[in-house]
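Numbering-wise, the working numbering comes out as the position in the sequence shown, counting from 1, plus 75. All C-beta atoms in this analysis are idealised placements derived from N, C-alpha and C, irrespective of residue type, glycine included. Below is one structure, written out as structure tokens; comments come after it.
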Amino acid sequence: MALNAALQALLDGFRAGRTTALARAISLVEDEREGFQDFLHEVLRAGPRTARVGFTGPPGAGKSSIVATLATAYRTRGEDVGVVAVDPTSPFSGGALLGDRIRMNELATDAGIFIRSMATRGSLGGLATTTKEVMDLMDAFGFARVLVESVGVGQTELEITAAADTVVVVLVPESGDAIQAMKAGLMEIADLFVVNKADRPGAQRLARDIELMLHLREGPSSRRRPAALAAGHHGPARSGSAAPAVPVATDSGSPGAPAAWAIPVLETVASEGKGIDALVAALDAHRAWAEASGALARKRRERLDRRVREAVARSLAIEVWRRRGGDAILQEVLPALETGELTPYQAAARIVRALLG
Ligand SMILES: Nc1nc2c(ncn2[C@@H]2O[C@H](COP(=O)(O)OP(=O)(O)OP(=O)(O)O)[C@@H](O)[C@H]2O)c(=O)[nH]1
Ligand SMILES: [Mg+2]
Numbered sequence: 076m077a078l079n080a081a082l083q084a085l086l087d088g089f090r091a092g093r094t095t096a097l098a099r100a101i102s103l104v105e106d107e108r109e110g111f112q113d114f115l116h117e118v119l120r121a122g123p124r125t126a127r128v129g130f131t132g133p134p135g136a137g138k139s140s141i142v143a144t145l146a147t148a149y150r151t152r153g154e155d156v157g158v159v160a161v162d163p164t165s166p167f168s169g170g171a172l173l174g175d176r177i178r179m180n181e182l183a184t185d186a187g188i189f190i191r192s193m194a195t196r197g198s199l200g201g202l203a204t205t206t207k208e209v210m211d212l213m214d215a216f217g218f219a220r221v222l223v224e225s226v227g228v229g230q231t232e233l234e235i236t237a238a239a240d241t242v243v244v245v246l247v248p249e250s251g252d253a254i255q256a257m258k259a260g261l262m263e264i265a266d267l268f269v270v271n272k273a274d275r276p277g278a279q280r281l282a283r284d285i286e287l288m289l290h291l292r293e294g295p296s297s298r299r300r301p302a303a304l305a306a307g308h309h310g311p312a313r314s315g316s317a318a319p320a321v322p323v324a325t326d327s328g329s330p331g332a333p334a335a336w337a338i339p340v341l342e343t344v345a346s347e348g349k350g351i352d353a354l355v356a357a358l359d360a361h362r363a364w365a366e367a368s369g370a371l372a373r374k375r376r377e378r379l380d381r382r383v384r385e386a387v388a389r390s391l392a393i394e395v396w397r398r399r400g401g402d403a404i405l406q407e408v409l410p411a412l413e414t415g416e417l418t419p420y421q422a423a424a425r426i427v428r429a430l431l432g
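As structure tokens, this is what we get:
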């Protein structure tokens, strides 16, 4: 799978660490231009190295504020950060309040922070697939952290967030109670809860309710928090460095086995940077736990499985729509579909036969 000259030049720029090359590589993948799979193949040889953290939660919960503050905190530790924002109304894509936009722009002038907002337009691979590939590109580019923001409402957004190593669910008192979060499927994907806007009434109560809900769901034993974990870990967490000492508590039933992850519920005031240090520590702790317990390896394996299925689905889609005239057949049979002479299933069968034939 040799790259053509233009893509080889792009690859050279990418490997040399030029952010212009990263930006162009992302466009290549987003637009699914000729050779994008070969390009991904080249850059993904090294495998995943970066810590991927996904943030989800209702609109306006403060996800962007948290991501911005976190990114700054990581920068002070000397880590480069890639940010992917999937929500079109996010300040990252310029859709929000002026104050936020100014803050994001300040962030964007830091060479150690690369921000990309994803368009919600469709593609043959789908937004979720493309976003995951953009995370892969940022990983391969060498960012120590990749932070992904998406609004946790639709299946696509949940899928994107679930593709992160660590999932942070951001809630606010205004977003309703813990039961609503549970109904929305957020309890299932959270590795960490953040109750933001803790300067507002109801925040503590919401945090308590989430704790209670987690407690009820998991049972009391798994909620015992290992002492070392609560203390947090402040060392450099660049991947590749030696794994930090990991809190390993033993459940009475299985001596020696790593304790289940006790999902922390943190309170923050992102607009003032309050609680961000604790969030940094909790994210480090989750990373350390995930590495030591095998949870990260398991997650990566599931990711690979899913990725191959997605790649197959997209290759087939490209093949049938672009290369084997699926579009032409569809246009041809549309009138028959409109009159009811053909059903969509018959039309689909005809197109699939054209692919297989
Ligand atoms: N009072 C208060 N306001 C906050 C806090 N954090 C963020 N905000 C404000 O809440 C608003 C929304 O914050 P964002 O960071 O844009 O929230 P978001 O979740 O990214 O929003 P969307 O991307 O549009 O879903 C902004 O006006 C912030 O300044 C907080 O802790 N307390
Ligand atoms: Mg946002």
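Legend entry - Every unbroken alpha helix (DSSP H) inside the region 233-278 [4 residues or more]: Correct list: 253-258 and 261-264.
Legend entry - Backbone CA spacing between residue 156 and residue 239 [nearest angstrom]: As the crow flies, the alpha-carbon of residue 156 is around 14 Å from that of residue 239.
Legend entry - Nearest-angstrom Cα separation, counted from residue 145 out to residue 221: Cα-Cα distance, rounded: 11 Å.
Inset, instruction - Using beta-carbon positions only, say whether residue 125 and residue 219 come within less than 8 Å of one another. - result: Their beta carbons are under 8 Å apart, which means residue 125 touches residue 219 by this criterion.
Legend entry - Closest residue to residue 160 among 143, 149 and 151 (Cα-Cα distance): Relative to residue 160, the option among 143, 149 and 151 whose CA is nearest is 143.
Inset, instruction - With distances taken Cα to Cα, identify the nearest neighbour of residue 265 among 406, 121, 130 and 429. - result: Proximity to residue 265 across 406, 121, 130 and 429 peaks at 130, based on C-alpha coordinates.
Inset, instruction - Tell me residue 130's beta-bridge partners as DSSP assigns them. - result: Under DSSP, the beta-bridge partners assigned to residue 130 are 224 and 243.
Inset, instruction - Leaving out five residues on either side along the sequence, give the residues of the same chain with a beta carbon under 8 Å from the beta carbon of residue 241. - result: The residues 126, 127, 128, 129, 266, 267, 358, 361, 362 and 365, in chain order, have a CB closer than 8 Å to that of residue 241 in the same chain once the five nearest residues on each side in sequence are set aside.
Inset, instruction - Return the bridge partner residues of residue 340 from the DSSP annotation. - result: In the DSSP output, where bridge partners are listed per residue, residue 340 has 268.
Inset, instruction - Identify which residue in 260, 272, 401 and 225 has its Cα closest to the Cα of residue 350. - result: Closest option to residue 350, Cα to Cα, is 272.
Legend entry - Simplified DSSP assignment, three categories, for residue 77: When secondary structure is reduced to three states using DSSP, residue 77 falls in the coil class, being assigned neither helix nor strand.
Inset, instruction - Using only alpha-carbon positions, find the residue among 85, 399, 396 and 248 that is nearest to residue 269. - result: It is 248 whose Cα lies nearest to the Cα of residue 269.
Inset, instruction - Compare the C-alpha of residue 432 against each of 209, 409, 414 and 395 and name the closest. - result: Comparing Cα-Cα distances from residue 432 to each of 209, 409, 414 and 395, the minimum goes to 395.
Legend entry - Distance between residue 347 and residue 287 (C-alpha atoms, nearest Å): Going by C-alpha positions, residue 287 is about 27 Å away from residue 347.
Legend entry - Residue nearest to residue 427 in terms of C-alpha spacing, selected from 414, 372, 91 and 400: Checking every option, the nearest Cα to that of residue 427 belongs to 400.
Inset, instruction - Taking only heavy atoms of ligand 2 into account, decide whether any of them is closer than 7 Å to the Cβ of residue 232. - result: The answer is no for residue 232.
Inset, instruction - Identify, in the order they occur along the chain, each residue of the same chain with its Cβ nearer than 8 Å to the Cβ of residue 390, setting aside the five sequence neighbours on each side. - result: 112.
Inset, instruction - State the beta-bridge partners of residue 191 as determined by DSSP. - result: DSSP, once it has assigned bridges, lists 159 as partnering residue 191.
Legend entry - Of the listed residues 205, 274, 378 and 335, nearest to residue 368 (C-alpha basis): Among 205, 274, 378 and 335, the Cα nearest to that of residue 368 is on 335.
Inset, instruction - For residue 289, collect the residues of the same chain with a Cβ closer than 6 Å to its Cβ; drop the 5 residues on either side in sequence, then sort them by chain order. - result: 338.
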